[in-house]
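Going by UniProt numbering, the letters in the sequence shown line up with residues 1 to 287, in that order.
Where is the CB? At the ideal position from N, CA and C, for every residue including glycine.
First up is the structure itself, then whatever we jot down about it.
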Amino acid sequence: RQHFSRVCADKEFFPIMANKARRTLYLIVAVNIFVYMNQDDLMRWFQMFSVDDGSIVSMFASMFYHADMMHLIFNMIGLVIFGEKVFVNTKSSVWQSPYAMLLIYLGSGICGASGLVGLSHFFDAQWRGRMHKNRHAVTCSNWLCEKVGLNWMTHSAADIYTYLFHADEAIALMHFKFVRRIGASGAVYGVIGARLYTSSFSIWHCTMSNLEVLFLIGDISREFSMSSINLSSLVEGLFHGDGIDHTCHAIGLLSGVIISAAVQIVARRRSQNSCQNEQRQNQRIER
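Here it is as structure tokens:
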């Protein structure tokens with residue numbers, strides 16, 4: 001496949017769009033820096049309480065929050081490097097559109113934050129299932145047990161047993177539900193997901209270099225291997241992890257791939273329509 005091969009391209013249109021895409025990319029970087037400089041005040045303003053607080057505004061605002069300066073620097077470097085290759089260095093007007101960039105960045109960030117809320121409910125359901133199982137094991141089916149309140153006592157004892165012998169899971173669950181939201185990496189990983197997709201399936205983008213491939217394989221493998229998918233992995237991540245929410249990264253990456261597939265469909269149809277219109281015009285000129 002030839003790099004940047006496309007039929008019926010307007011030579012004057014794409015540099016203009018590339019400039020718009022680059023300005024939008026650096027505007028996103030500027031917003032992230034501004035938010036980081038005023039993060040404490042903004043967190044109080046948007047009521048950034050926890051992953052499970054249910055606030056849509058809080059979920060949206062979390063896409064621009066960073067844990068520290070190094071977190072901000074590495075995220076912005078990755079955003080610029082991969083954002084340039086996806087949205088600027090391309091011959092597709094659809095991919096160079098600021099709307100495509102915002103759709104992938106914001107869409108991946110929202111999906112990452114929403115995925116964490118969904119996982120919070122999933123882990124909570126797992127915990128309730130464990131408690132129900134332990135209660136069921138000591139439930140007396142005789143009618144007299146209910147009359148004298150024996151089941152109430154056995155259920156209370158089962159709950160105490162569950163919290164004592166699975167205290168690590170209870171602590172990990174509470175930490176996950178009430179930890180402060182910081183979701184900028186989910187949005188950045190959405191752009192990385194877009195780079196993965198366009199490198200493989202888009203004729204308007206260049207393929208990845210060997211260095212890019214090695215870096216992304218190692219990084220993505222690490223993110224998925226350290227993601228929490230059940231209570232046991234949640235405990236492992238809390239007590240033996242690095243304090244990074246790899247699950248949000250993985251969800252953002254997958255969201256970026258899926259959204260990129262939708263953008264690619266629009267780009268392909270736009271290209272086909274453009275080619276057909278130009279062919280009709282050429283036929284009219286020849287006549």
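Exercise for the section: Taking all protein chains shown into account, decide if N19 is buried (16 or more other Cβ within 10 angstroms of its Cβ) or exposed. Expected result: exposed
Exercise for the section: Would you tell me roughly how many angstroms separate the C-alpha atoms of S228 and W95, rounded to the nearest one? Expected result: 33 angstroms
Problem - Straight-line Cα distance separating N32 from L72 - result: 8 angstroms
Problem - DSSP state of H136 mapped onto helix, strand, coil - result: helix
Exercise for the section: Measure the alpha-carbon distance for S221 versus A262 and round it to whole angstroms. Expected result: 25 angstroms
Practice task
Please go through the same chain and pick out, in chain order, the residues whose beta-carbon is closer than 6 angstroms to the beta-carbon of G83, but skip the five residues on each side of it.
Solution key: L25, V191
Problem - Segment contact, 8 angstroms Cβ cut-off, at least three pairs: the region 198-215 with the region 130-138 - result: no
Handout entry: Buried versus exposed, by CB contacts within 10 Å (16 or more), H246
Key = buried
Exercise for the section: Check H175 in the structure and name its three-state DSSP category. Expected result: helix
Handout entry: DSSP state of C248 mapped onto helix, strand, coil
Key = helix
Practice task
Under the assumption that S108 contacts G256 (Cβ atoms under 8 angstroms), give the Cβ distance between them as a whole number of angstroms.
Solution key: 5 angstroms
Practice task
Reducing DSSP to helix, strand and coil, say where V94 ends up.
Solution key: DSSP places V94 in the coil class of the three-state scheme, outside both helix and strand.
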